Amino acid sequence: MEHIMTGKVKEVYKVDDDTLEFAYTDNISVFDKIIPSKIPHKGETLCRTAKYWFGILSKNGIRNHFISEPSKDRMRVERVDIIRDYSKIDGSTKNYLIPLEVICRYYAAGSLLDRLKSGKVKAEDLGFPAGYQVKKGDKLPVPFIECTTKLEAHDENLTDAEAKKMAGLSDAEYEEIKATVLKIDSLIAEEAGKRNLIHCDGKKEFAYDKNRKLMVVDTFGTLDEDRWWDAEEYAKGNIVELSKEFVRQYYREIGYHEALYSAREAGKPEPDIPALPQEIVDRVSKLYVDMYERITGEKF
């Protein structure tokens, strides 16, 4: 096999012209920065969780790129082209990664709260009455779907028009992507609900195959791409985070998040992200294993 790419959490190898192999590492990243701390078992839990969801998609007739699992921390998938020159993508392009991350939110949480506070997103954008004061944990009146860039150094929010132009999508194709996200999330909510989990939000990635048929790619439904809350605690008015959100929160509390984003906005060099304390490494590792079992209903 030929090593062709190092991602934030996985190594990518070319098996042949039609097949890639993903090797999931124990790296963890937040804010597009790889933390210099390894999380034991993280790679295996991500790979096995993703494989579980791809199985659910296949049973429900949703096209995806999964082929096989050579080992517990590796998977083989259909290979598509990565086209970084967006001018070369149009409605006739085939077998390519759609250069978007598609995010669907069901509750007010995470970066959405930051954007509400700054005025970049308004309550009415989310389906609330104008002037409504959105609080953390509020269930959104309607799912809020938005796109960010996929291939840039940092994820950048896009309007629908920008997303369609960048990815070479027609209005109908864009609507198909959104409808597919909602269908997948209904399956996730159904499965997660059986184990007292709330699927708060998550991101999906897509590609077109050699016949320009839509397929789900990369990884989804894990603690890296999705936010999970405990349903019983939520019913009591408590939000118990069951994702790597508390890792993000750690970096907010020590001031790193503010320093990083201030540097980005000013175009200055970004500060290095510090390592995690061992106590948090241990906590994160246990969370990934426990949540693998809870999401899938399978023993680790």
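Each residue of the sequence shown is one higher than the one before, starting from 90 at the first, in my numbering. Cβ coordinates follow ideal geometry from the N, Cα and C atoms, glycine included. Here the structure is a predicted model, which is why all the values come from computation and not from measurement.
Contact set for residue 154: own chain, Cβ-Cβ below 6 Å, skip 5 residues either direction: 166, 167, 304, 306
Limits of the unbroken alpha helix (DSSP H) element including residue 352: 345 to 355
Residue from 334, 333, 319 with nearest C-alpha to residue 327: 319
Supposed close pair residue 382, residue 388 - CB separation, criterion 8 Å: 6 Å
Length at least 4, wholly inside the stretch 167 to 218: the alpha helix (DSSP H) runs in chain order: Listed in chain order, the complete alpha helix (DSSP H) runs (minimum 4 residues) inside the stretch 167 to 218 are 200 to 207.
Give every residue of the same chain whose Cβ lies closer than 7 Å to the Cβ of residue 302, excluding the five residues on either side of it in the sequence, and list them in chain order. The residues are 152.
State the CB to CB distance for the pair residue 263 and residue 185, rounded to an integer number of angstroms; the pair is presumed to be in contact (CB under 8 Å). 16 Å between Cβ atoms; not a contact.
Under 8 Å between the Cβ atoms of residue 99 and residue 115? no
Where residue 282 falls: helix, strand or coil (DSSP): helix
Just how far apart, CA to CA, sit residue 113 and residue 135? Roughly 7 Å between the two C-alpha positions.
Let me make sure I understand the geometry here. Which of 316, 386, 162, 254 has the alpha-carbon closest to that of residue 200? 316
Start-to-end residues for the beta strand (DSSP E) that takes in residue 121: No residue range can be given for residue 121, since it is assigned to no beta strand (DSSP E) and is classified by DSSP as neither H nor E.
Strand pairing of residue 288, partner residues [DSSP]: DSSP output for residue 288 lists 317 as bridge partner(s).
Which residue's Cα is closest to the Cα of residue 386: 195, 125, 141? 141
Using 8 Å as the threshold, is the C-beta distance between residue 373 and residue 117 below it? yes
Minimum C-alpha distance to residue 227 - residue among 90, 323, 129: 323
Please classify residue 364 as buried or exposed, where buried requires at least 16 other C-beta atoms within 10 Å of its C-beta. exposed
Can you name the start and end residues of the beta strand (DSSP E) that residue 102 belongs to? 99 to 105
Can you tell me where the beta strand (DSSP E) with residue 134 in it begins and where it stops? No beta strand (DSSP E) contains residue 134, which is instead part of the alpha helix (DSSP H) from 131 to 148.
Are the Cβ atoms of residue 111 and residue 173 separated by less than 8 Å? No. Outside cutoff.
How about the stretch 175 to 194 and the stretch 202 to 210: do they share at least three Cβ pairs that are nearer than 8 Å? Taking a contact to require three or more Cβ pairs closer than 8 Å, the stretch 175 to 194 and the stretch 202 to 210 do not qualify as touching.
Looking only at its own chain, which residues have a Cβ that is under 8 Å from the Cβ of residue 284, when we skip the five neighbours before and after it? Listed in chain order, the non-local C-beta contacts of residue 284 below 8 Å within the same chain comprise 383, 384, 386, local neighbours out to five positions each way being set aside.
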